[in-house]
Amino acid sequence: MIEITKRTTDEGHVYEVANFEEYAQLLESHGIEAPRANYHVFVSSENESLYQQSQCDLESQIKLFFKVSPASGIESQIVEKTAHG
Amino acid sequence: MATAETMTLPISVPRPDSQSATAQLLRRAWVLHKRSNDRDALHWIATHSETPESILYSLCDDDILRAAIAHRKNLSREMVEFLADGYGVDEAILSLGKSLYTSPEETTADFHEFLNNHIRHDWLLQSLVREVPSTGQKRKALIEGIDQRADRNVLLETMDEYELARKIKSSCNDDELVAAARSNSPRVLLALAANPHTSKDILQQLAEISERALARDIRNTAKHNLGARQQ
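Chains R and B are the protein sequences, given in the same order.
The numbers in my numbering rise by one with no breaks, and the one at position 37 of the first sequence is 38.
The numbers in my numbering rise by one with no breaks, and the one at position 87 of the second sequence is 100.
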């Protein structure tokens with residue numbers, strides 16, 4: 002199970018893979034090329050609400066970007082972290 | 014391979030537009046990696062299923078990235094033609110050839126032209142003779158192309174073998190099935206083992222077969238077929 006952390010900032014949210022090495026190894030064990038950069042995906046509050054209005058499942062799109070959508074065969078979950086962890 | 018030293022890269026989701034958020038993120042990542050000329054990172058983008066083709070075109074100047082792109086499964090016809098005709102990428106030529114030969118939407122004239130341009134590729138012909146043509150005219154065109162080659166007999170034998178195997182796999186004709194059981198072709202025997210109309214006697218023989226190509230597959234398929242009869 003790959004955990005993607007959703008961190009709240011003053012201006013929106015940041016999504017990042019919790020354990021990048023474990024994530025990269027799991028992708029490669031599934032024959033999927035792992036990214037060479039540890040992407041931290043920022044979504045502003047404004048854009049977040051625009052995606053909500055357009056009924057787009059943004060978090061599924063972010064999982065797809067990380068190559069951990071259900072089609073990849075890799076389970077993943079987004080875990081929201083508060084300022085206190 | 015990503016390592017502990019992998020760089021952290023902030024990237025922002027843009028406003029919604031006609032492209033998916035994933036495609037937009039990939040576009041942003043591409044801009045960053047192109048600027049730093051990070052080939053490894055660009056390779057990841059080239060292999061990502063959601064990368065827009067407009068980006069893939071821009072990566073095709075690089076041999077390694079081009080090969081990665083050619084291995085993708087969901088390329089448009091235009092992209093495959095670009096790779097095949099523009100760069101002579103083997104995977105793209107093969108993909109295009111199979112499509113022209115097997116798709117009813119493709120004309121015989123187009124297949125003929127393609128074949129004239131690529132008749133020199135042994136691997137292409139060895140692959141095409143295994144496929145099911147969408148028309149008899151395309152099959153004829155392929156045979157005419159093969160006829161001019163030194164390895165014509167081998168290619169025609171392979172074509173015959175695959176055609177017979179396809180026929181035997183669904184035949185209800187006992188004489189055909191008994192004749193197929195005497196075949197030396199492992200592919201024909203495998204088709205026979207899978208046919209629900211093959212007699213139990215023949216299946217029992219096939220379930221014991223050994224010391225030939227595909228022997229394990231033939232045995233397992235025959236056993237599975239026999240097992241299905243007992244249910």
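By construction, the Cβ of each residue, glycine as well, lies at the ideal position given by its N, Cα and C atoms.
Which residue from R/78, R/59 and R/18 puts its Cα closest to that of residue 48 of chain R? Looking up residue 48 of chain R in the first sequence gives position 47. Nearest C-alpha to residue 48 of chain R: R/59.
Are the region 178–185 of chain B and the region 152–163 of chain B in contact at 8 angstroms, needing three or more beta carbon pairs? no
With 16 as the cutoff for other CB atoms within 10 Å, does residue 12 of chain R come out buried or exposed? Residue mapping note: residue 12 of chain R aligns to position 11 of the first sequence, counting from 1. A residue is called buried when at least 16 other Cβ atoms come within 10 angstroms of its Cβ; residue 12 of chain R does not meet this threshold and is exposed.
Is there contact between the region 188–196 of chain B and the region 212–221 of chain B, where contact requires at least three CB pairs shorter than 8 angstroms? yes
Between which residues of its own chain and residue 22 of chain B is the CB-CB distance below 7 angstroms, once the five residues before and five after are set aside? Locating residue 22 of chain B in the second sequence gives position 9, where the first residue counts as 1. 45, listed in sequence order.
Residue ranges of each alpha helix (DSSP H) within the region 138–191 of chain B, 4 or longer: 149–160 and 165–183
What first and last residue would you give for the alpha helix (DSSP H) that runs through residue 131 of chain B? Taking the second sequence and counting its residues from 1, one reaches residue 131 of chain B at position 118. Taken as a continuous stretch (DSSP letters only), the alpha helix (DSSP H) holding residue 131 of chain B covers 121–131.
What are the start and end residues of the alpha helix (DSSP H) that includes residue 233 of chain B? For the purposes of this step, residue 233 of chain B is taken as the residue at position 220 of the second sequence. From DSSP, the alpha helix (DSSP H) with residue 233 of chain B extends over 228–243.
Short CB-CB distance (under 9 angstroms) between residue 91 of chain B and chain R: If you number the second sequence from 1, residue 91 of chain B lands on position 78. Not an interface residue.
May I have the straight-line CA-CA distance separating residue 141 of chain B from residue 124 of chain B, to the nearest angstrom? Looking up residue 141 of chain B in the second sequence gives position 128. Looking up residue 124 of chain B in the second sequence gives position 111. Each residue's alpha carbon lies about 11 angstroms from the other.
In chain R, what lies closer than 7 angstroms to residue 63 of chain B by C-beta? Numbered from 1 along the second sequence, position 50 holds the residue referred to as residue 63 of chain B. By Cβ distance, chain R contributes 65.
Would residue 175 of chain B and residue 152 of chain B qualify as a contact pair, given that the criterion is a beta-carbon distance under 9 angstroms? Locating residue 175 of chain B in the second sequence gives position 162, where the first residue counts as 1. Locating residue 152 of chain B in the second sequence gives position 139, where the first residue counts as 1. Taking 9 angstroms as the Cβ cut-off, residue 175 of chain B and residue 152 of chain B do not qualify as a contacting pair.
For residue 42 of chain R, count the other beta carbons within 10 Å of its own beta carbon; 16 or more makes it buried, fewer makes it exposed. Which is it? As a working mapping, residue 42 of chain R is identified with position 41 in the first sequence. Buried: at least 16 other Cβ atoms inside 10 Å.
Between residue 235 of chain B and the rest of its own chain, which residues show a CB-CB distance below 7 angstroms, the 5 nearest in sequence each way excluded? Within the second sequence, numbered from 1, the residue matching residue 235 of chain B stands at position 222. Closer than 7 angstroms at Cβ, skipping near neighbours: 206, 216, 219 and 220.
According to the neighbour-count rule (16 or more other Cβ atoms, all chains shown, within 10 Å of its Cβ), is residue 208 of chain B buried or exposed? For the purposes of this step, residue 208 of chain B is taken as residue 195 along the second sequence, with counting starting at 1. Counting Cβ neighbours within 10 Å, residue 208 of chain B comes out buried, since at least 16 surround it.
What residues are listed by DSSP as bridge partners for residue 5 of chain R? What you label residue 5 of chain R is simply residue 4 of the first sequence in a count that begins at 1. DSSP, once it has assigned bridges, lists R/18 and R/79 as partnering residue 5 of chain R.
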